[in-house]
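**Q** There's a structure below that I have some questions on.
Protein chains in written order, with our numbering: chain A, 1 to 179; chain U, 1 to 208.
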């Protein structure tokens with residue numbers, strides 16, 4: 001943990017300080033740097049697991065949502081790695097309780113040849129309910145992430161993640177269909 | 001562009017500046033729960049400080065000294081535990097200080113043997129602790145959930161101590177009993193029990 005903090009602390013500290021001064025580009029760089037560091041940490045701990053990227057995204061969401069718990073002037077790296085470690089442990093805890101990944105199971109149930117003549121509702125039915133609902137609200141009904149989140153009782157960041165994952169899954173389905 | 005890059009772009013649009021009022025979001029449910037406890041004793045019980053005329057202020061000073069110190073220490077500990085990347089061992093260790101002081105005062109307590117134990121109102125005391133501790137505990141849990149605790153058992157433990165300390169602070173003006181033994185048995189033990197419940201349930205209640 002200490003070596004992690006030493007190697008990433010300065011860059012992260014500078015980027016976060018600039019971002020908190022209103023530099024939105026610096027915040028994007030901060031998140032990219034954080035993703036890289038967290039990905040490396042997770043890869044060391046769990047290897048080339050197929051879920052590493054999902055975990056990285058969970059960590060980024062958590063880092064973003066809980067950024068108010070980072071006191072100005074305090075080093076970013078210990079805070080960031082503590083959150084990442086927590087998310088990893090939480091991930092293991094969830095997997096311990098539910099070894100079957102329901103999203104993967106649903107995806108496996110989709111036969112590519114069935115998608116040729118489908119409409120958008122049929123496509124959305126292939127997604128997990130939360131993702132499909134998020135896409136309906138934001139991309140069909142035209143609500144903002146905040147409005148959709150308020151309707152479903154979830155935060156803006158969680159809504160963004162649902163939309164993001166749902167759209168990524170739709171792209172995969174569409175790509176397979178074209179092939 | 002990878003899906004993670006896309007996510008980063010989405011998150012970056014929110015900016016790095018967090019919403020203001022972090023301390024208020026943490027403290028409000030705890031203060032609210034304490035207010036509920038205060039309202040409960042005011043409406044349910046009669047005549048606070050009834051023993052001051054006969055016993056003076058010493059008993060209530062001792063009780064409030066313990067409970068308010070524990071209330072503040074557990075609140076601060078919860079605040080620190082809710083901020084990732086900080087060492088929380090010191091904050092937890094300070095929570096033992098009020099109990100150590102009670103233990104130190106218990107040994108030479110001149111009232112041991114002079115008053116009947118457990119006294120006449122111990123059932124009411126236990127009932128008050130059992131009713132109000134969970135209310136204040138719930139407030140502390142809500143407050144902690146506004147932060148980012150990564151040591152959930154520790155956070156639950158501190159929340160439990162806070163719950164018990166609030167209950168004791170609210171009830172003790174109505175408590176006519178005296179003596180450190182009474183305080184140890186009918187206040188400290190219920191508080192520690194609430195803390196143990198927090199330790200056990202913390203991972204479930206505080207998960208985020």
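Positions of the beta carbon are idealized from the N, C-alpha and C atoms, including for glycine.
1) Residues of the region 25–45 of chain U in Cβ contact with chain A at a cutoff of 9 Å, in chain order, please.
2) Short of 8 Å Cβ to Cβ, which residues in the region 140–152 of chain U face chain A?
3) Below 7 Å between beta carbons is the criterion; list the residues of the region 123–149 of chain A that meet it against any residue of chain U, in chain order.
4) Where does residue 79 (chain A) fall in DSSP's three states?
5) Can you give me the Cβ contacts of residue 56 (chain A) inside the same chain, cut-off strictly under 7 Å, excluding the 5 residues immediately before and after it?
6) Let me check understanding here. Comparing Cα to Cα, which of U:90, U:123 and U:59 lies closest to residue 180 (chain U)?
7) Between the alpha carbons of residue 56 (chain U) and residue 50 (chain U), how many angstroms are there, rounded?
8) Classify residue 167 (chain A) as helix, strand or coil using the three-state DSSP reduction.
9) For residue 56 (chain A), which residues in chain U fall below 7 Å Cβ to Cβ?
10) So residue 159 (chain U) and residue 141 (chain U) are supposed to be a Cβ contact under 8 Å. How far apart are they, rounded?
11) Can you check whether the C-beta of residue 41 (chain A) is within less than 8 Å of a C-beta belonging to chain U?
12) Taking 8 Å as the threshold (beta carbon to beta carbon), is residue 158 (chain A) in contact with chain U?
13) Using a Cβ-Cβ distance cut-off of 8 Å, determine whether residue 110 (chain A) contacts chain U.
14) State yes or no: is the beta carbon of residue 17 (chain U) nearer than 8 Å to at least one beta carbon in chain A?
15) Quick one: give me the first and last residue of the alpha helix (DSSP H) that residue 187 (chain U) is part of.
16) CA-CA distance, residue 119 (chain U) and residue 98 (chain U)?
17) For residue 106 (chain U), collect the residues of the same chain with a Cβ closer than 7 Å to its Cβ; drop the 5 residues on either side in sequence, then sort them by chain order.
18) Residue 154 (chain A) by DSSP, collapsed to three states: which one?
19) What does the alpha-carbon distance come out to for the pair residue 23 (chain A) and residue 205 (chain U)?
20) When burial is assigned at 16 or more other CB atoms within 10 Å of the CB, is residue 144 (chain A) buried or exposed?
21) Taking 8 Å as the CB-CB cut-off, is residue 8 (chain A) touching chain U?
22) Skipping 5 residues on each side, what residues in its chain have a beta carbon closer than 7 Å to that of residue 86 (chain U)?
23) So is residue 112 (chain A) buried or exposed if we call it buried at 16+ other beta carbons inside 10 Å?
**A** In this structure, then:
1) Look at the region 25–45 of chain U: the residues with a C-beta under 9 Å from a C-beta of chain A are 25.
2) Answer set for the region 140–152 of chain U: 147, 148 and 150.
3) Within the region 123–149 of chain A, not one residue has a Cβ closer than 7 Å to any Cβ of chain U.
4) To locate residue 79 (chain A), count along the first chain from 1; it is residue 79. Residue 79 (chain A): helix per DSSP, three-state reduction.
5) For the purposes of this step, residue 56 (chain A) is taken as residue 56 along the first chain, with counting starting at 1. So the qualifying residues of the chain are 35, 38, 39 and 42.
6) Residue 180 (chain U) sits at position 180 when you count from the first residue of the second chain. Cα-wise, what sits closest to residue 180 (chain U) is U:59.
7) On the second chain, position 56 is the one that residue 56 (chain U) refers to. On the second chain, position 50 is the one that residue 50 (chain U) refers to. Each residue's CA atom was taken as its position, placing residue 56 (chain U) and residue 50 (chain U) some 10 Å apart.
8) For the purposes of this step, residue 167 (chain A) is identified with residue 167 of the first chain, where counting begins at 1. Three-state result, residue 167 (chain A): helix.
9) Counting from one through the first chain, the residue named residue 56 (chain A) turns up at place 56. 4, listed in chain order.
10) For the purposes of this step, residue 159 (chain U) is taken as residue 159 along the second chain, with counting starting at 1. For the purposes of this step, residue 141 (chain U) is taken as residue 141 along the second chain, with counting starting at 1. Their Cβ separation, rounded to whole angstroms, is 5 Å, which keeps residue 159 (chain U) and residue 141 (chain U) in contact under 8 Å.
11) Counted from its first residue, the first chain places residue 41 (chain A) at position 41. No - not a single Cβ of chain U is within 8 Å of the one on residue 41 (chain A).
12) Position 158 of the first chain, counting from 1, holds the residue named residue 158 (chain A). Chain U contact via Cβ: absent.
13) In the first chain, residue 110 (chain A) corresponds to position 110, counting from 1. With a pLDDT of 42 at residue 110 (chain A), under the threshold of 50, the predicted position of this residue should be treated as unreliable, though the coordinate-derived value follows. By this cut-off, residue 110 (chain A) is not an interface position.
14) Your numbering for residue 17 (chain U) matches position 17 in the second chain. Taking 8 Å as the threshold, the shortest C-beta distance from residue 17 (chain U) to chain A falls below it.
15) The residue given as residue 187 (chain U) occupies position 187 in the second chain. Per DSSP, residue 187 (chain U) lies in no alpha helix (DSSP H) segment and is marked neither H nor E.
16) Locating residue 119 (chain U) in the second chain gives position 119, where the first residue counts as 1. Locating residue 98 (chain U) in the second chain gives position 98, where the first residue counts as 1. If you take the alpha carbons of residue 119 (chain U) and residue 98 (chain U), they lie about 23 Å apart.
17) Your numbering for residue 106 (chain U) matches position 106 in the second chain. Within the same chain, residue 106 (chain U) has close Cβ partners 180, 181 and 184.
18) In the first chain, counting from the first residue as 1, residue 154 (chain A) sits at position 154. Residue state, collapsed to three classes: coil.
19) Sequence index remark: in the first chain, residue 23 (chain A) carries index 23 (1-based). Sequence index remark: in the second chain, residue 205 (chain U) carries index 205 (1-based). Annotation: residue 23 (chain A) to residue 205 (chain U) spans about 36 Å, alpha carbon to alpha carbon.
20) Here residue 144 (chain A) is taken as the residue at index 144 of the first chain, counted from 1. With fewer than 16 other Cβ atoms within 10 Å, it is exposed.
21) By one-based count along the first chain, residue 8 (chain A) stands at place 8. Because the pLDDT at residue 8 (chain A) is just 48, under 50, the model does not fix this residue reliably, and the point stays unresolved.
22) Translated into positions along the second chain, residue 86 (chain U) becomes position 86. If we look at residue 86 (chain U) and ignore the five residues flanking it on each side, its Cβ neighbours are 80.
23) Taking the first residue of the first chain as position 1, residue 112 (chain A) is located at position 112. Reliability of the predicted coordinates at residue 112 (chain A) is poor, the pLDDT of 43 falling under 50, and the value obtained from them is presented with this limitation in mind. The residue in question, residue 112 (chain A), is exposed, as its Cβ has fewer than 16 Cβ neighbours within 10 Å.
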